[in-house]
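Protein chains: 2
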Amino acid sequence: MKRGYAEISASVNQLNRSDTLSVGEKATMGETTTADTGQNTVRRNVSMADVAQHAGVSSQTVSRVSNGMPNVDEATRERVVASMRALGYRPNRAARSLKTGQFKSIGVIMFTLSTFGNMRTLDAIAMASAAAGYTLTLMPVPHPTQGSISGAFSRLNEQAVDGIVIIFEAHVLDDADFALPRGVPVVIIDSDAGDAYTVVDADQALGARLATEHLLELGHTNVFHVAGPTASFSAMRRLEAWRSTLAGAGITAPTPLHGDWSAESGYAHGLELAKNPEVTAIFAANDQMALGIMRALHQSGREVPGDMSVVGFDDTDEAGSFWPPLTTVHQDFSEVGRLCIEKLLGEIEGTHERPGTTIVPTRLVVRDSTGPYAG
Amino acid sequence: MKRGYAEISASVNQLNRSDTLSVGEKATMGETTTADTGQNTVRRNVSMADVAQHAGVSSQTVSRVSNGMPNVDEATRERVVASMRALGYRPNRAARSLKTGQFKSIGVIMFTLSTFGNMRTLDAIAMASAAAGYTLTLMPVPHPTQGSISGAFSRLNEQAVDGIVIIFEAHVLDDADFALPRGVPVVIIDSDAGDAYTVVDADQALGARLATEHLLELGHTNVFHVAGPTASFSAMRRLEAWRSTLAGAGITAPTPLHGDWSAESGYAHGLELAKNPEVTAIFAANDQMALGIMRALHQSGREVPGDMSVVGFDDTDEAGSFWPPLTTVHQDFSEVGRLCIEKLLGEIEGTHERPGTTIVPTRLVVRDSTGPYAG
DNA sequence: AAGATGCATGTTTACGTAAACATGGGGGAT
DNA sequence: ATCCCCCATGTTTACGTAAACATGCATCTT
Chain A
0 MKRGYAEISA
10 SVNQLNRSDT
20 LSVGEKATMG
30 ETTTADTGQN
40 TVRRNVSMAD
50 VAQHAGVSSQ
60 TVSRVSNGMP
70 NVDEATRERV
80 VASMRALGYR
90 PNRAARSLKT
100 GQFKSIGVIM
110 FTLSTFGNMR
120 TLDAIAMASA
130 AAGYTLTLMP
140 VPHPTQGSIS
150 GAFSRLNEQA
160 VDGIVIIFEA
170 HVLDDADFAL
180 PRGVPVVIID
190 SDAGDAYTVV
200 DADQALGARL
210 ATEHLLELGH
220 TNVFHVAGPT
230 ASFSAMRRLE
240 AWRSTLAGAG
250 ITAPTPLHGD
260 WSAESGYAHG
270 LELAKNPEVT
280 AIFAANDQMA
290 LGIMRALHQS
300 GREVPGDMSV
310 VGFDDTDEAG
320 SFWPPLTTVH
330 QDFSEVGRLC
340 IEKLLGEIEG
350 THERPGTTIV
360 PTRLVVRDST
370 GPYAG
Chain B
0 MKRGYAEISA
10 SVNQLNRSDT
20 LSVGEKATMG
30 ETTTADTGQN
40 TVRRNVSMAD
50 VAQHAGVSSQ
60 TVSRVSNGMP
70 NVDEATRERV
80 VASMRALGYR
90 PNRAARSLKT
100 GQFKSIGVIM
110 FTLSTFGNMR
120 TLDAIAMASA
130 AAGYTLTLMP
140 VPHPTQGSIS
150 GAFSRLNEQA
160 VDGIVIIFEA
170 HVLDDADFAL
180 PRGVPVVIID
190 SDAGDAYTVV
200 DADQALGARL
210 ATEHLLELGH
220 TNVFHVAGPT
230 ASFSAMRRLE
240 AWRSTLAGAG
250 ITAPTPLHGD
260 WSAESGYAHG
270 LELAKNPEVT
280 AIFAANDQMA
290 LGIMRALHQS
300 GREVPGDMSV
310 VGFDDTDEAG
320 SFWPPLTTVH
330 QDFSEVGRLC
340 IEKLLGEIEG
350 THERPGTTIV
360 PTRLVVRDST
370 GPYAG
């Protein structure tokens, strides 16, 4: 099917292999259609018409070869491919999109790349999109809290993507002064945006419950929580599940402390918690804060896990190498990203699926930062 | 200048604010140009011609308003904007690109997002691109070592981006069976691709020298090195600078150990190094491996920094929260990303700058994982 | 006051592609 | 042998935009 393309890319590769990058040589390689003047400063792009003339076929046949259509004679295809090769033909994506109305591109809106989960999810999204033949267009939004978000969203109001993935705390969607263009499929990660949207997310509540239960099963009489920012939906759901799990065990949850996801904020709260002898088990809302907490505990002379148990959330690559190796909740970001694209492509290409929420299970990974209550 | 755009996006926002996402309503809002049939399943896109007719002007005037051209009467502009608003006009990026020959998009080629440096750099690139009005198109490459890279590069042979940033070990460029299309500006990060390319990178050699000198100044008689994979240029340059720094001090460098950047590989090498009483100072080629090394040292009963000093590379967000807080080399990834786009835009839009290498300084951040030689 | 100049706006055209429709010839079914 | 259909290929057209050129009116220069 895609035979035509493979041939082309291979050919262009060969041509370029020994060259350094240069601008403007292309026009001298093949004949331009109209301009026979010696001025090679004209440098028109090689179009299908050029290839067609070179190969002695119609431009429509070139189009068929370019798109791997089956109804082209093998000899003709080879001749066209050879001409593409000789002229250095490269399809013009803009023209194709204009004609077809499809952009073969998925937009990703995110506030920051600088969190483990976002990055890992984006990676999965990129791979899944590429596999489906879609390009990924990044649409970063500088300042989540600012009201001036709409500026960054102006590009959304251009027709440039077939669908959009939103990776951030969705309640920003409510009060911010922007909205999505209509008619564009959207999938949201990390939110409980509700039934109006298609949502994919890891099972935050399950993870928080597993973490809390794990600590209770170890005999701890209470579990303290260092939560994420209140502005984060996932943070709030972890907090809620922690609270209800404790309630289910007949325990009144202590006042949660709110960090900002950073290890530094975990460290600050850790120093406070270390002072309190009643605290023997801490559930941190992410691994970074757990790391900061453990540093504070080390510094305060409280043994982990002998004197204090700590559980994180995310299962970053490094969590198993912390000291001690961190018990944490594993989130399958790759699966979230994959499903995300699957749902989005379903809306773009296929059946108008009903919006809804897809939950990916989380699981507890027990390592060495948790131990039995030694009270 | 951009006044037209701001108006438009604001307007579309208002229209959409209270709506849930829906497909196909747009056509019912305004009048379609040709189709007066009751079938609103036609759903043509609103074009400039539609807006022009609605506003009673020519489509060229609509174009001028859309592009913020100054030579439009204020009253006319307002009328056109009102029509855009009423019809829900969204510019068609493909048509614009086809006409102008510019895509206002920068392609980023990378093997994986899953390293701290790549992610941070990408973040900076995204912000810088957005600030310049360019979209970022991700072009992930699944398997760095495979020879079948060309398949993933087929999109590169489409005209779809104005320039390309490559974030990976550049020697893959040499032996892999692909090459970049000609005429497209390219900037490479993390490589010594040579004078033929425009290269931006952090000063790997300086960082490695600073790290090694720091350990020597603390009195250590030798510095062991856990390097990155030999396939990585940056790893090799750190290794080389480490070796030459030792040589400058009259010390024969011990055989370097090669990890794969992961904490696990650092742990494995750390266990070996811990056994050797001659080892009192270790320079790890990144923070993750340093973390793994420190875990191995803790486990082996060797005190850090009392008994063993460890230096990392990168200065990840968590390095300061390791136990003990890690002395490491800070790389300014944000600056690298920013410069990268600056150089690229220079080649795309402006003067044909000569290719060359731009180096961003690194600096040593001394924390608690290094101490005086206690031999 | 007459021509020159500037400015807002309109008209024509082409960018490169692929869908829709058209054509013509070869092979299979009857 | 006749008809029909399939298949490879060609022709026409339109996608939405902005550059280039054209027009007509008002203001400025001398």
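Those protein sequence lines, which keep their order, are chains A and B. The letter at position 109 of the first sequence is residue 108 when you use numbering that gives the first Met the number 0, and the numbering goes up by one with no holes. The letter at position 35 of the second sequence is residue 34 when you use numbering that gives the first Met the number 0, and the numbering goes up by one with no holes. Glycine residues also receive a C-beta, built at the ideal position from the N, C-alpha and C atoms. Given the structure is predicted, the values throughout are model-derived calculations rather than measurements.
Option in the options with minimal Cα separation from residue i
i, options, result
"Glu-348 (chain B)", "B:Pro-184, B:Tyr-266 and B:Ala-201", "B:Pro-184"
"His-297 (chain B)", "B:Val-164, B:Pro-323, B:Ile-165 and B:Met-126", "B:Pro-323"
"Gly-106 (chain B)", "B:Val-80, B:Ile-166, B:Ser-62 and B:Arg-92", "B:Ile-166"
"Gly-269 (chain A)", "A:His-224, A:Gly-305 and A:Arg-208", "A:His-224"
"Gly-87 (chain B)", "B:Ala-51, B:Leu-338, B:Thr-75 and B:Val-56", "B:Ala-51"
"Ala-210 (chain A)", "A:Gly-67, A:Thr-254, A:Phe-312 and A:Ser-62", "A:Phe-312"
"Met-288 (chain B)", "B:Gly-300, B:Met-307 and B:Asp-259", "B:Asp-259"
"Asn-44 (chain B)", "B:Met-83, B:Gln-59, B:Asn-70 and B:Gly-67", "B:Met-83"
"Gly-305 (chain A)", "A:Thr-99, A:Glu-317, A:Thr-279 and A:Val-222", "A:Thr-279"
"Ile-340 (chain A)", "A:Ala-273, A:Ser-46, A:Leu-135 and A:Ser-233", "A:Leu-135"
"Ala-54 (chain A)", "A:Ala-81, A:Met-68, A:Ser-46 and A:Gly-319", "A:Ala-81"
"Pro-90 (chain A)", "A:Val-64, A:Ala-74 and A:Gly-227", "A:Val-64"
"Leu-215 (chain A)", "A:Ile-281, A:Gly-132, A:Met-109 and A:Arg-236", "A:Ile-281"
"Thr-111 (chain B)", "B:Leu-137, B:Gly-100, B:Ala-129 and B:Thr-99", "B:Leu-137"
"Ala-159 (chain A)", "B:Arg-92, B:Gly-193 and B:Val-160", "B:Arg-92"
Chain-ordered neighbours of residue i on chain B, where CB pairs are closer than 9 Å
i, result
"Phe-102 (chain A)", "Arg-92 and Ala-93"
"Thr-111 (chain A)", "Asp-122"
For residue i, the three-state DSSP class (helix, strand or coil)
i, result
"Ala-81 (chain B)", "helix"
"Asp-122 (chain A)", "helix"
"Gly-311 (chain B)", "strand"
"Val-185 (chain A)", "strand"
"Asn-91 (chain A)", "strand"
"Gly-305 (chain B)", "coil"
"Gly-29 (chain A)", "Any answer about Gly-29 (chain A) is weak, because its pLDDT of 31 lies below 50 and its placement is not dependable; what the coordinates show is given next. Three-state result, Gly-29 (chain A): coil."
"Arg-337 (chain B)", "helix"
"Leu-343 (chain B)", "helix"
"Gly-23 (chain B)", "With a pLDDT of 27 at Gly-23 (chain B), under the threshold of 50, the modelled position of this residue cannot be trusted; read the value that follows with caution. Three-state DSSP puts Gly-23 (chain B) in coil, outside helix and strand."
"Gln-330 (chain B)", "coil"
"Met-138 (chain B)", "strand"
"Thr-75 (chain A)", "helix"
"Phe-110 (chain B)", "coil"
"Gly-319 (chain A)", "helix"
"Arg-63 (chain A)", "helix"
Own chain partners of residue i with C-beta closer than 8 Å, once the 5 adjacent residues on each side are dropped
i, result
"His-213 (chain B)", "Val-310, Thr-326, Leu-363, Val-365 and Thr-369"
"Arg-301 (chain B)", "Ala-273 and Met-307"
Partners in chain B for residue i, counting only beta-carbon separations shorter than 7 Å
i, result
"Trp-322 (chain A)", "Met-293, Arg-294, His-297 and Trp-322"
"Arg-119 (chain A)", "Ser-113"
"Asn-66 (chain A)", "Chain B residues near Asn-66 (chain A): none, gap ~12 Å exceeds 7 Å."
Cross-chain neighbours of residue i in chain A, by beta carbon under 8 Å
i, result
"Ala-262 (chain B)", "Asp-316, Glu-317, Gly-319 and Ser-320"
"Leu-290 (chain B)", "Glu-317, Ser-320 and Phe-321"
Partners in chain B for residue i, counting only beta-carbon separations shorter than 8 Å
i, result
"Gln-287 (chain A)", "Asp-316, Glu-317 and Ser-320"
"Leu-97 (chain A)", "Asn-91, Ala-93, Ala-94 and Leu-97"
"Ala-159 (chain A)", "Arg-92, Ala-93 and Thr-134"
Cut-off 7 Å between Cβ atoms - residues of its own chain near residue i, not counting five sequence neighbours on either side
i, result
"Thr-40 (chain A)", "Confidence in Thr-40 (chain A) is poor, its pLDDT being 38 and thus under 50, which makes the residue's placement unreliable; the coordinate value appears in the next sentence. Here the set comprises nothing."
"Ala-234 (chain A)", "Ala-226, Gly-227, Pro-228 and Ala-284"
"Met-28 (chain A)", "Note that Met-28 (chain A) scores a pLDDT of 31, beneath 50, so its modelled location is shaky; the value from the coordinates is reported in the next line. Counting only Cβ-Cβ distances below 7 Å, and skipping sequence neighbours, we find Leu-86 and Gly-87."
"Val-303 (chain A)", "Met-293, Leu-296, Val-309, Pro-323 and Ser-368"
"Ile-250 (chain A)", "Asn-221"
Chain-ordered chain A contacts of residue i [CB-CB under 9 Å]
i, result
"Gly-135 (chain B)", "Gly is not the amino acid found at residue 135 (chain B); the sequence shown has Leu there. Under the 9 Å cutoff, chain A gives Leu-135, Thr-136, Leu-137, Met-138 and Pro-139."
Cutoff 6 Å; reference residue i; Cβ partners in own chain excluding five residues on either side
i, result
"Ser-96 (chain B)", "Phe-102"
"Asn-156 (chain A)", "Pro-180"
"Gly-162 (chain B)", "Ile-105, Pro-184, Leu-343 and Ile-347"
"Ala-252 (chain A)", "Arg-242 and Leu-245"
"Lys-25 (chain B)", "Confidence at Lys-25 (chain B) is low in this model, with a pLDDT of 29, below 50, so the placement of that residue is unreliable and no value is reported for it."
"Asp-189 (chain A)", "Asp-200 and Ser-233"
Cβ-heavy atom distance, residue i to the ligand ZN, below 7 Å
i, result
"Gly-182 (chain A)", "This structure does not include the ligand ZN; it has no bound ligands of any sort."
task: Output the residue ranges of the alpha helix (DSSP H) runs that lie fully inside the stretch 200-271 of chain A and measure 4 residues or longer, sorted by chain position.
output: 203-216 and 232-247
- Continuous alpha helix (DSSP H) assignments of at least 4 residues falling wholly in the stretch 271-300 of chain A: 286-298
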